[in-house]
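For reference, the structure is listed below as structure tokens.
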Amino acid sequence: MIGLFCFCTSSLTQQVEAQRLRTGILHPPAGRMVGEILEQSTDLHVYRGIPFAKPPVKELRWRPPQPLGAWEGVRDCLENGSQSVQTWKGTAYGNEDCLYLNVWTNRAGKPHAKLPVMVWIHGGGWTGGNGGRSYYSGTAISRRGVILVTVNYRLGAMGFLAHEALAEESKRGISGNYGLMDNILALQWIQKNITAFGGDPENVTIFGESAGGATVSALCCIPEANGLFHKAISQSPWMFGYTNPLAARNIVHQTEKIGEVESGETSGQRWVGKFTEKTGAEAIAQLRAMDAKQLFKGYYPAKLTVDNDFLPDHPLEMFKRGEQFDIPMIVGTTQHEGNYFQGGVSVKDRQAFVGKLKGFYGETRGSDLAQAFPGAAKPAAVQFVTDAWFVHPARIMLLGMDKVSSPAYQFEFRRVNHKDPTKGAPHAIEIRYVFNSLQDAETRPQDQQLSDLCTNYWTQFAKTGNPNKASQPRWPVYTKKERAFLALDHKVQIFYDINRTALDALDEANQGLWPAK
1013 MIGLFCFCTS
1023 SLTQQVEAQR
1033 LRTGILHPPA
1043 GRMVGEILEQ
1053 STDLHVYRGI
1063 PFAKPPVKEL
1073 RWRPPQPLGA
1083 WEGVRDCLEN
1093 GSQSVQTWKG
1103 TAYGNEDCLY
1113 LNVWTNRAGK
1123 PHAKLPVMVW
1133 IHGGGWTGGN
1143 GGRSYYSGTA
1153 ISRRGVILVT
1163 VNYRLGAMGF
1173 LAHEALAEES
1183 KRGISGNYGL
1193 MDNILALQWI
1203 QKNITAFGGD
1213 PENVTIFGES
1223 AGGATVSALC
1233 CIPEANGLFH
1243 KAISQSPWMF
1253 GYTNPLAARN
1263 IVHQTEKIGE
1273 VESGETSGQR
1283 WVGKFTEKTG
1293 AEAIAQLRAM
1303 DAKQLFKGYY
1313 PAKLTVDNDF
1323 LPDHPLEMFK
1333 RGEQFDIPMI
1343 VGTTQHEGNY
1353 FQGGVSVKDR
1363 QAFVGKLKGF
1373 YGETRGSDLA
1383 QAFPGAAKPA
1393 AVQFVTDAWF
1403 VHPARIMLLG
1413 MDKVSSPAYQ
1423 FEFRRVNHKD
1433 PTKGAPHAIE
1443 IRYVFNSLQD
1453 AETRPQDQQL
1463 SDLCTNYWTQ
1473 FAKTGNPNKA
1483 SQPRWPVYTK
1493 KERAFLALDH
1503 KVQIFYDINR
1513 TALDALDEAN
1523 QGLWPAK
């Protein structure tokens, strides 16, 4: 029976492979490859699992990603590449050899097509996720004349470990941010290769959500990323996942850990100490010899490291000074972000909620800030998470855009999750609308119409730097004076100055929490 089962499984796999329509051979500089034809009528092709760097394993663990030379022969790009090692319910899965990307296009092999390119950077707290999830499909985006690229990058300790010994072996004297460097190398790969897919390397838009949105915002401030993209969309940017390597305050903003102060390298040394009694270079050498999944038994709070070199300063501080790249941006959030983070807002009563704020902001600031979030503990905590983690950072970025010449646009996604209306419009709900990947069972006519509108706005922005076109409701430019934003719901409306009272209070409370440069 076992042999029969194996034979049947093998036969079924062969049938599925046979049903796939393979593209002709594509010849980008990276190497010859074959992808899958998704739609013959529109020439829609997808190339999955394209490596853009050497596998970051063994001696390349905890080092900047290394470019990959052209491979020999023809590579089958039919399956997603491995995702970075991560954990789910205590079990590690994935592969350290994870630096792969996927490309959707309907102009493959037509280098003069010059289609705009969108590059998706997935979220997941820099500890989970991958670029190959089914709802990140580029089918709808490509049908609108835009190429989509989705990227995998290193996560958790593999992508973000800051440690003194790693800084000492670095020519630049820095450590951490390897996952950020992965994204930059992917963007460099796109610059060199996307023409073969019909794309325009001079018209690239990066976009991402949550940790992906924060990555987008950081990339807008990193000198090495300058010129690799030309527009940016930051969705629900979680902008407090930063640490200074030596002495700065570690802004955690999770109500269960609020007020924790620790440098990046101190955090890294403490994590390394879970696996070895050795120190310095000897400890790193021992950990490089260990299996990656074994290392994921020890949780590492992945954060971006402000090292005054690769990442010159906290991106929010750079946006405040108008030092980000002068490129068009969309920045937005969902109306009830905090409902996604049930564990992070577990306060039993109003007194406990106020106590959390005092514990981080101090007695006076915390007490004053609590007045901006009135009412019962649970809704107040949810609104605090929504505003403090997401809406307030978004406003800082948008006001910073007023200091440069390029336009900015703000949105708030308000469409309620009809499967669980009690959650309202929680964190990440807009993703399926943007990718036009709503599940059939969830789709109502109004949802599909909103999804079409979102996809149209995003792709139009990628084409021109302006999301507007005649057939859609007008999306006004964000200015410091008017602070207009587009509320995305079954009825699209324009409002002004989102959550101003709470955000002004957060301005006051946050003064001095990040050290001046």
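Be aware that the sequence shown starts at 1013, since it is given in our numbering, and climbs by one per residue.
Ideal Cβ positions, reconstructed from N, Cα and C, are used throughout, including at glycine.
All values derive from a computational prediction rather than experimental measurement.
Going by beta carbon distance, what residues of the same chain come within less than 6 Å of residue i, once the five residues before and after it are set aside?
i            : result
residue 1477 : 1243 and 1340
residue 1314 : 1138, 1139, 1168 and 1172
residue 1207 : 1123
residue 1403 : 1345 and 1511
residue 1108 : 1069, 1097 and 1304
residue 1118 : 1054, 1055, 1056 and 1154
residue 1249 : 1225, 1226, 1229 and 1405
residue 1204 : 1041
residue 1388 : none
residue 1469 : 1479
residue 1048 : 1032, 1058 and 1090
residue 1290 : 1298
residue 1088 : 1046
residue 1524 : none
residue 1201 : 1064
residue 1271 : Bear in mind that a pLDDT of 37 at residue 1271, under 50, signals an unreliable position, so the model cannot answer this.
residue 1348 : 1436, 1437 and 1438
Which of the three DSSP states is assigned to residue i in this structure?
i            : result
residue 1302 : coil
residue 1423 : strand
residue 1345 : strand
residue 1399 : helix
residue 1057 : strand
residue 1127 : strand
residue 1524 : coil
residue 1115 : strand
residue 1359 : coil
residue 1333 : coil
residue 1433 : helix
residue 1105 : strand
residue 1391 : helix
residue 1283 : helix
residue 1383 : coil
residue 1340 : coil
residue 1138 : coil
Leaving out the 5 sequence neighbours to the left and right, which residues in its chain are closer than 8 Å to residue i when beta-carbon positions are compared?
i            : result
residue 1381 : 1369, 1373, 1517, 1518, 1520 and 1521
residue 1233 : 1323, 1324, 1325, 1327, 1330, 1331, 1335, 1336 and 1337
Could you check how far apart the C-beta atoms of residue i and residue j are, in whole angstroms? I think they sit under 8 Å.
i            : j            : result
residue 1113 : residue 1210 : Not a contact, Cβ separation roughly 16 Å.
residue 1531 : residue 1475 : Outside the modelled stretch of the chain, which goes from 1013 to 1529, sits residue 1531, for which no answer is possible.
residue 1489 : residue 1420 : 7 Å
residue 1125 : residue 1038 : Not quite, the Cβ-Cβ distance comes to about 13 Å (not below 8 Å), so this is no contact.
Using C-beta distances below 7 Å, list every residue in its chain close to residue i, excluding the 5 sequence neighbours before and after it, in chain order.
i            : result
residue 1494 : 1508
residue 1407 : 1515
residue 1384 : 1513, 1514 and 1517
residue 1082 : 1041, 1042 and 1043
Where in the stretch 1209-1258 do unbroken runs of the beta strand (DSSP E), each at least 3 residues long, occur, reported from the N-terminal end onward?
1211-1221 and 1243-1247
Just checking, does the stretch 1302-1317 make contact with the stretch 1200-1219 on the three C-beta pairs under 8 Å criterion?
no
Can you list, in chain order, the stretches of the beta strand (DSSP E) that have 3 or more residues and sit fully within the stretch 1444-1519?
1496-1500 and 1505-1508
Which ranges does the alpha helix (DSSP H) cover as unbroken runs of at least 4 residues, wholly within the stretch 1157-1199, from first to last along the chain?
1168-1172 and 1176-1181
Looking at C-beta atoms only, is the number of pairs between the stretch 1408-1416 and the stretch 1324-1339 that lie closer than 8 Å three or more?
yes
Cβ contact check for the stretch 1081-1099 and the stretch 1284-1302: 3 or more pairs under 8 Å:
no
Within the chosen definition, does the stretch 1061-1073 reach the stretch 1098-1106 through at least 3 CB pairs nearer than 8 Å?
no
Per the contact definition of three or more C-beta pairs closer than 8 Å, is the stretch 1144-1153 in contact with the stretch 1424-1442?
no
When you compare the stretch 1283-1290 with the stretch 1190-1203, are there three or more beta-carbon pairs, one atom per stretch, that lie closer than 8 Å?
no
Quick check: the stretch 1497-1504 against the stretch 1418-1436, are there 3 or more CB pairs under 8 Å?
yes
Ignoring anything shorter than 3 residues, give me the beta strand (DSSP E) runs that lie fully in the stretch 1059-1105, in order along the chain.
1086-1088, 1098-1100 and 1103-1105
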